[in-house]
Amino acid sequence: MAFSYLESQLAHYSGMVHTRDEARRSEENAMNRVAVVTGAAAGMGLAIAQRLASAGNQIALVDLDGDAVTRAAAELRATGARALGAEADVSDRTAVDNAIARVHDELGPVEIMVTSAGFDEFQAFTDITTEAWDRMLAVNLTGTFHCLQAVIPDMLAAGWGRIVTISSSSAQSGAARMAHYVASKGGVVGLTKALAVEYAPHGITVNTIPPGFIDTPMARRAEARGDLPSIDAVAARTPVRRAGTPDDIAAACAYLCSEDAGYVTGQAIGVNGGWYL
Ligand SMILES: NC(=O)c1ccc[n+]([C@@H]2O[C@H](COP(=O)([O-])OP(=O)(O)OC[C@H]3O[C@@H](n4cnc5c(N)ncnc54)[C@H](O)[C@@H]3O)[C@@H](O)[C@H]2O)c1
Numbered sequence: 000m001a002f003s004y005l006e007s008q009l010a011h012y013s014g015m016v017h018t019r020d021e022a023r024r025s026e027e028n029a030m031n032r033v034a035v036v037t038g039a040a041a042g043m044g045l046a047i048a049q050r051l052a053s054a055g056n057q058i059a060l061v062d063l064d065g066d067a068v069t070r071a072a073a074e075l076r077a078t079g080a081r082a083l084g085a086e087a088d089v090s091d092r093t094a095v096d097n098a099i100a101r102v103h104d105e106l107g108p109v110e111i112m113v114t115s116a117g118f119d120e121f122q123a124f125t126d127i128t129t130e131a132w133d134r135m136l137a138v139n140l141t142g143t144f145h146c147l148q149a150v151i152p153d154m155l156a157a158g159w160g161r162i163v164t165i166s167s168s169s170a171q172s173g174a175a176r177m178a179h180y181v182a183s184k185g186g187v188v189g190l191t192k193a194l195a196v197e198y199a200p201h202g203i204t205v206n207t208i209p210p211g212f213i214d215t216p217m218a219r220r221a222e223a224r225g226d227l228p229s230i231d232a233v234a235a236r237t238p239v240r241r242a243g244t245p246d247d248i249a250a251a252c253a254y255l256c257s258e259d260a261g262y263v264t265g266q267a268i269g270v271n272g273g274w275y276l
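Under numbering that gives the first Met the number 0, think of the first position of the sequence shown as 0, with each following residue one higher.
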């Protein structure tokens with residue numbers, strides 16, 4: 000963001016600065032926040048939920064696959080964590096609102112939100128139907144919008160919040176046969192930056208992780224279909240010489256959700272083994 004633009008926004012911020020006392024109060028609760036993770040039945044979302052739970056947070060796991068998040072939440076509870084699983088299609092605003100209402104009832108107001116729900120699809124640009132385009136945008140971009148709009152009021156009331164969106168390195172690099180996917184993830188990056196600026200004065204940070212190639216069920220399905228090269232082939236060409244893991248993403252996400260990351264907002268924190276610099 001150009002400095003002159005920042006200056007032009009200063010009037011908007013006056014009188015809304017997060018005080019030191021508020022920050023100290025927040026720190027006392029640092030490891031006992033209510034966190035919602037979408038796409039938490041598998042892959043990165045599941046690893047993020049597990050990591051945030053092991054840090055002491057209370058976790059709501061939200062996913063299209065209700066059975067899988069119910070099981071994952073039960074496994075977290077067995078380790079002593081407070082956790083619930085809620086079925087919701089993030090493209091359905093009512094379903095998202097119902098899931099967040101349940102989180103309120105059972106865990107409390109939401110202070111951490113991580114949006115990992117998403118899907119990919121490979122198709123030549125001229126073969127992408129309007130329906131396929133709309134569904135991609137509805138889940139990956141509008142789904143993120145729904146989830147963030149549903150929890151921002153809690154964060155404003157608390158004067159503290161951490162939002163991490165999962166975008167994609169393809170929004171930086173481009174990708175053939177993925178125009179609708181890449182457009183949806185570019186939208187997520189833009190949404191993240193817009194909200195970072197809007198909510199910075201309220202103690203809410205908003206960052207995105209654009210993962211590179213990560214070994215998850217999504218990547219394995221793409222490999223099996225022949226849409227992506229084999230995981231081993233990608234690993235061999237990756238500068239750090241291995242494929243990324245869901246835990247690589249969870250570690251970066253846990254940092255962005257921590258008290259320590261309070262001065263980091265509006266950033267795209269690439270976790271990609273050195274593919275995109
Ligand atoms: N795996 C990669 O290499 C890679 C790279 C860049 C970005 N990403 C992004 O990372 C995120 C996580 O991907 P992953 O690899 O863990 O995928 P995954 O398919 O392994 O897990 C995604 C989860 O999201 C859920 N989901 C899908 N659509 C949903 C919807 N409409 N509502 C609620 N839940 C829904 C699925 O049920 C699944 O549990 C996605 O947004 C993906 O686009 C993945």
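Glycine included, C-beta positions come from ideal geometry on N, C-alpha and C. Everything numeric in this text was worked out from a predicted model, so none of it was measured.
Give every residue of the same chain whose Cβ lies closer than 7 Å to the Cβ of residue i, excluding the five residues on either side of it in the sequence, and list them in chain order.
i    : result
T264 : A195, A199, T204, V205, N206
T141 : S90
A98  : V61, A85, A87
Y254 : A260
L276 : none
At a cut-off of 8 Å, would you count residue i as near ligand 1, judging by its Cβ distance to the nearest heavy atom?
i    : result
M177 : no
I268 : no
F118 : yes
A260 : no
P238 : no
T69  : no
N97  : no
R220 : yes
P210 : yes
L323 : Coverage of the chain is limited to positions 0 through 276, which leaves residue 323 absent and any answer about it impossible.
V36  : no
I58  : no
V102 : no
D345 : Outside the modelled stretch of the chain, which goes from 0 to 276, sits residue 345, for which no answer is possible.
N31  : no
N139 : yes
Can you tell which of the options has its C-alpha closest to the C-alpha of residue i?
i    : options                : result
P209 : P228, W274, G160       : W274
G202 : R224, M217, D153       : D153
G79  : D66, N56, T128         : N56
I162 : E120, G225, L51        : L51
T237 : G158, V270, M43        : V270
M135 : G42, L106, G185, A59   : G185
I58  : T37, L147, D64, A41    : T37
Q122 : L255, A175, F212, V233 : A175
D96  : T129, T143, G189, A131 : T143
S169 : A182, W159, T93        : A182
G158 : E258, M177, C146       : E258
S167 : T69, E105, D119, G65   : D119
V102 : Q49, T129, A34         : A34
Could you name the residues of the same chain whose beta carbon sits closer than 6 Å to that of residue i, not counting the 5 residues immediately before and after it, in chain order?
i    : result
R32  : N56, E110, I111
V150 : V109, M112
R24  : Note on R24: pLDDT 45, under 50, position unreliable in the model; the coordinate value appears next. For R24, where only same-chain residues beyond five positions count, there are no Cβ hits under 6 Å.
N28  : Unreliable positioning characterises N28 in this predicted model, as indicated by a pLDDT of 45, which lies under 50. A coordinate reading is not provided.
C256 : I111, R161
Q266 : N206
So residue i and residue j are in contact, right, with Cβ under 8 Å, and what is the actual spacing, rounded?
i    : j    : result
L75  : A82  : 4 Å
I268 : A249 : Not really, about 13 Å apart at Cβ, beyond 8 Å.
I165 : G117 : 7 Å
F212 : V233 : 5 Å
Note down, in chain order, each residue of its chain lying with its Cβ closer than 8 Å to the Cβ of residue i, except the 5 sequence neighbours on either side.
i    : result
V239 : G272, G273
T215 : A41, G42, M43, P245
A156 : P108
R70  : G84
task: Could I get the ranges of all uninterrupted alpha helix (DSSP H) runs contained in the stretch 160-199, with 4 residues as the minimum, in chain order?
output: The alpha helix (DSSP H) runs of length 4 or more contained entirely in the stretch 160-199 are, from start to end of the chain, 169-172, 178-198.
message: Quick check on the DSSP output: what are the complete beta strand (DSSP E) runs of length 3 or more inside the stretch 53-103, in order along the chain?
response: As far as the stretch 53-103 is concerned, its whole beta strand (DSSP E) runs of at least 3 residues are 57-62, 82-86.
task: Could you tell me which uninterrupted alpha helix (DSSP H) segments, each at least 4 residues in length, are contained entirely in the stretch 96-157, listed from first to last along the chain?
output: If you keep only unbroken alpha helix (DSSP H) runs of at least 4 residues inside the stretch 96-157, you get 129-135, 142-157.
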